[in-house]
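Just so you know, the protein sequences line up as chains A and B, in that order.
Using the numbering used here, you'd call the opening residue of the first sequence number 559 and step up by one each time.
Using the numbering used here, you'd call the opening residue of the second sequence number 2 and step up by one each time.
For glycine and all other residues, C-beta sits at the position ideal for the given N, C-alpha and C.
On a predicted model such as this, the values are computed, not experimentally measured, just so you know.
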Amino acid sequence: MFEVFSFGSSGWGDEMLMGALMTVLVSASSLLLGILIGIIFAACKLSNIFILKIIANTYTTIIRGIPELLVIYLLFFGGSSAVMYIAKIFGYDGYIELNAFTIGTIAVGAISGAYSTEVIRGAVNSVHKGQFEAGKTLGLNGYGLYGKVIFPQVARIALPGIGNVWQITLKDTALISVTGLVEIMRQSRIAAGSTHEPFIFYTAAIILYLIITRLSNILFDKAENTYSRGFVSKGAL
Amino acid sequence: MRFELMYESFFKIVEGIPLTLQVVSISTVLGLALAIIVALMRISGRKSMSIPAYYFVYLIRGTPLLLQLYFVYYGLGQFSFIRESILWPILKEPYWCGIITLTISTGAYSSEIIRGGILSVSKNFIEASGALGLNKIKTFLLITLPITVRQALPAYGNELILMVKASSLISIITLMEITGIARTIISKTYAPVEIFLVAGSIYLIINFIIVLAVGLAERKLGTVKAN
């Protein structure tokens, strides 16, 4: 029964592990893109500029209100032409095709970004006003204030939330298998089709996802401990 | 923008709304029953009950819904004993596979919401109810349940929205609901932006109605202080 998972050309073991690696890679790059988007839109939401607030609110409402699959279809079918349209403005007239990894990262990153926006906004809000005032009193501004004083505090509070976003992102990457990126989901589909053993391969996929979830939980717990040095655990702080 | 196309495709996509709503409502009702059972198992205090419930929730929350759907739709059909069993007429239909998967998924997620709601009911209420001479079942039905419903309602509203979004996945196993129809039109016309806007707006309207309804229910039931 398990010979189908042997390594090399006769089995699917190495292919499945490569699929798992691809899932981790595309999830990690989507999470990073999402955090970047999250920082920008959280800043928009916290700003006093009305139009920026509207843009950020529209973005989070749309992403959280419509199915992820539709967002992926939009970028899968429309991503390349959008890039070509932008390239045309800059004078490049050739054909550009985005690969499945890039499209997947952009799509899942855009979804993940909406959740990260809310997590980061909440974390910035929970930093005491006195911290900003104290920083300014010390003559800090820009990077000194935000990078050295505010960011470490925001990171500590946002980390559990980002951990949740990571779990959501990891599971959302299964959806980009429909665009042809060979990650766990796609690989197990291919293997199931070729060996006529769907049960075994989908079970293997379930186990791979659970292992990734478990390992990332351990990593996030470690990171939380590192960032919470010097704080007594107060539960909901 | 091709507005003509958007106008035409709107009427085609609207035809998918009944299927989306049907699948969502059937799985929500069945899933709620499952969630209550799982939540009660988790807090039963008996290890033989709480451990299976814990791992069930862990398994479902740790894996993508699409994978669960493939597992039920393609994976189970592999075995001849399933294909020959009385369940096969149900398990061979993508419609029922979709409902089964969504029921299991929402059952696991909502059980955590319900568990949180039940645990938020103060011990004082339970003790007071015992002092008034109510038995365990009456205490649960008359005291714990109404408070749990009020506590869990906001989070359950979110779960309903997630269900509407999750139902889009059944389009992958050939069901022609909103996303399924939208995808077909996109691959025919190659107008992803226009169709995305139409299908997206329909989902936003459905979810907006859910938000309003849950808000109304919250106001009607009022809030109760947990402690």
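task: On a CA-only basis, which of A/Thr581, A/Ser605, A/Thr771 is nearest B/Leu60? Give me that one, please.
output: Translated into positions along the second sequence, residue 60 of chain B becomes position 59. Of the candidates A/Thr581, A/Ser605, A/Thr771, the one whose C-alpha sits nearest the C-alpha of B/Leu60 is A/Thr771.
message: Pairs of beta-carbons, one from the segment 665–675 of chain A and one from the segment 585–593 of chain A, closer than 8 Å: are there three or more?
response: Touching, yes.
task: Go ahead and label B/Ser28 buried or exposed: buried means 16 or more other beta carbons lie within 10 angstroms of its beta carbon, across all protein chains shown.
output: As a working note, residue 28 of chain B is residue 27 in the second sequence. Buried, because 16 or more other Cβ atoms sit within 10 Å of the Cβ of B/Ser28.
field: Cβ-Cβ separation, B/Gly118 to B/Gln152 (assumed contact under 8 Å), whole Å
entry: What you label residue 152 of chain B is simply residue 151 of the second sequence in a count that begins at 1. What you label residue 118 of chain B is simply residue 117 of the second sequence in a count that begins at 1. That belief holds up - the Cβ atoms of B/Gln152 and B/Gly118 are roughly 4 Å apart, short of 8 Å.
query: Which first and last residues belong to the alpha helix (DSSP H) in which B/Leu146 is found?
result: Numbered from 1 along the second sequence, position 145 holds the residue referred to as residue 146 of chain B. Run containing B/Leu146: 146–167, per the alpha helix (DSSP H) assignment.
Chain A contact residues for B/Ser72, given Cβ-Cβ distances below 9 Å: Taking the first residue of the second sequence as 1, we reach residue 72 of chain B at position 71. The identity of residue 72 of chain B in the sequence shown is Phe, whereas the question assumes Ser. The answer, in chain order, is Pro756, Phe757, Tyr760, Thr761, Ala763, Ile764.
B/Glu128 classed as buried or exposed, judged by whether at least 16 other C-beta atoms fall within 10 angstroms: For the purposes of this step, residue 128 of chain B is taken as the residue at position 127 of the second sequence. By the 16-neighbour rule on beta-carbons within 10 angstroms, B/Glu128 is exposed.
- request: Please name the residue in B/Leu163, B/Met7, B/Thr149 whose C-alpha comes closest to that of B/Ile37.
  value: By 1-based counting over the second sequence, the position of residue 37 of chain B is 36. It is B/Thr149 whose Cα lies nearest to the Cα of B/Ile37.
Rounded Cβ spacing between B/Ile196 and B/Ile187 (contact assumed at less than 8 Å): As a position in the second sequence, residue 196 of chain B is number 195, starting the count at 1. As a position in the second sequence, residue 187 of chain B is number 186, starting the count at 1. Confirmed, Cβ separation roughly 5 Å.
message: Under 8 Å, with one C-beta from each stretch per pair, do the segment 727–744 of chain A and the segment 61–75 of chain B reach the 3-pair mark?
response: yes
- prompt: If we ignore side chains and look at the alpha-carbon of each, how far apart do B/Met42 and B/Leu120 end up?
  reply: Locating residue 42 of chain B in the second sequence gives position 41, where the first residue counts as 1. Locating residue 120 of chain B in the second sequence gives position 119, where the first residue counts as 1. The alpha-carbon separation between B/Met42 and B/Leu120 amounts to approximately 13 Å.
B/Ala34 versus A/Val740 - alpha carbon distance: The residue given as residue 34 of chain B occupies position 33 in the second sequence. The residue given as residue 740 of chain A occupies position 182 in the first sequence. Rounded to whole angstroms, B/Ala34 to A/Val740 spans 37 Å at the Cα level.
task: Give the residues of chain B in contact with A/Thr771, contact being defined as C-beta atoms less than 7 Å apart.
output: On the first sequence, position 213 is the one that residue 771 of chain A refers to. Within 7 Å Cβ-Cβ: Gly63.
- prompt: Is A/Leu656 helix, strand or coil when you go by DSSP?
  reply: Here residue 656 of chain A is taken as the residue at index 98 of the first sequence, counted from 1. In this structure, A/Leu656 counts as coil in the three-state DSSP scheme.
- prompt: What's the gap between the Cα of A/Ala658 and the Cα of B/Lys139?
  reply: For the purposes of this step, residue 658 of chain A is taken as residue 100 along the first sequence, with counting starting at 1. For the purposes of this step, residue 139 of chain B is taken as residue 138 along the second sequence, with counting starting at 1. For A/Ala658 and B/Lys139, the distance between alpha carbons rounds to 57 Å.
Contact list for the segment 179–198 of chain B against chain A, Cβ threshold 8 Å: Residues of the segment 179–198 of chain B with a C-beta less than 8 Å from any C-beta of chain A: Thr180, Ala183, Arg184, Ile187, Ser188, Tyr191, Pro193, Val194, Phe197, listed in chain order.
- prompt: Which chain A residues sit within Cβ distance under 9 Å of B/Gly201?
  reply: By 1-based counting over the second sequence, the position of residue 201 of chain B is 200. Neighbours of B/Gly201 on chain A, chain order: Ile620, Gly623, Ile624, Pro625, Leu628, Val629, Leu632.
- prompt: Interface residues of chain B around A/Ala750 at Cβ under 9 Å?
  reply: The count along the first sequence starts at 1 and reaches residue 750 of chain A at position 192. Within chain B, the residues near A/Ala750 are Tyr71, Tyr75, Gly76, Gln79.
query: Short check: CB of A/Thr578 to CB of A/Leu777, under 8 Å?
result: In the first sequence, residue 578 of chain A corresponds to position 20, counting from 1. In the first sequence, residue 777 of chain A corresponds to position 219, counting from 1. Per the sequence shown, the amino acid found at residue 578 of chain A is Ala instead of Thr. Their beta carbons are not under 8 Å apart, which means A/Ala578 does not touch A/Leu777 by this criterion.
- request: Indicate whether B/Leu20 and B/Met164 have their beta-carbon atoms separated by less than 8 Å.
  value: Start at 1 with the first residue of the second sequence, and residue 20 of chain B comes out as number 19. Start at 1 with the first residue of the second sequence, and residue 164 of chain B comes out as number 163. For B/Leu20 and B/Met164, no; Cβs fall outside 8 Å.
message: Between B/Ile18 and chain A, is the shortest Cβ-Cβ distance under 8 Å, so that the two count as touching?
response: Taking the first residue of the second sequence as 1, we reach residue 18 of chain B at position 17. Taking Cβ atoms only, chain A never reaches closer than 8 Å to B/Ile18, which makes this a no.
Beta-carbon gap between A/Tyr529 and A/Val723 smaller than 8 Å: A question about residue 529 of chain A goes unanswered here, because the residues of chain A that appear run from 559 up to 795.
- prompt: Just the Cα atoms here: how many angstroms apart are B/Tyr75 and B/Ile101?
  reply: Within the second sequence, residue 75 of chain B is the residue found at index 74, counting from 1. Within the second sequence, residue 101 of chain B is the residue found at index 100, counting from 1. About 13 Å.
- request: Return yes when the Cβ of B/Ser168 is within less than 8 Å of the Cβ of B/Val24, no when it is not.
  value: Numbered from 1 along the second sequence, position 23 holds the residue referred to as residue 24 of chain B. Numbered from 1 along the second sequence, position 167 holds the residue referred to as residue 168 of chain B. It is a contact, given that the beta carbons lie within the stated cut-off.
query: Going by beta carbon distance, what residues of the same chain come within less than 6 Å of A/Gly637, once the five residues before and after it are set aside?
result: As a position in the first sequence, residue 637 of chain A is number 79, starting the count at 1. If we look at A/Gly637 and ignore the five residues flanking it on each side, its Cβ neighbours are Leu656, Ile661.
- prompt: Since A/Asp651 is in the alpha helix (DSSP H), which residue starts that stretch and which ends it?
  reply: Mapped onto the first sequence, residue 651 of chain A falls at position 93. Element bounds for A/Asp651: n/a, residue is neither H nor E.
- prompt: For the candidate residues A/Val736, A/Glu782, A/Asn775, whose alpha-carbon lies nearest to that of A/Gly632?
  reply: Start at 1 with the first residue of the first sequence, and residue 632 of chain A comes out as number 74. Sequence inspection shows Leu at residue 632 of chain A; the Gly mentioned does not correspond to that position. The closest CA to that of A/Leu632, considering only A/Val736, A/Glu782, A/Asn775, is found on A/Val736.
message: Please state the DSSP three-state secondary structure of B/Ser28.
response: Along the second sequence, read from residue 1 onward, the residue named residue 28 of chain B stands at position 27. Correct three-state label for B/Ser28: helix.
message: Tell me which residues of the segment 729–743 of chain A have at least one Cβ-Cβ distance to chain B shorter than 7 Å, keeping chain order.
response: Lys729, Ala732, Leu733, Val736, Met743
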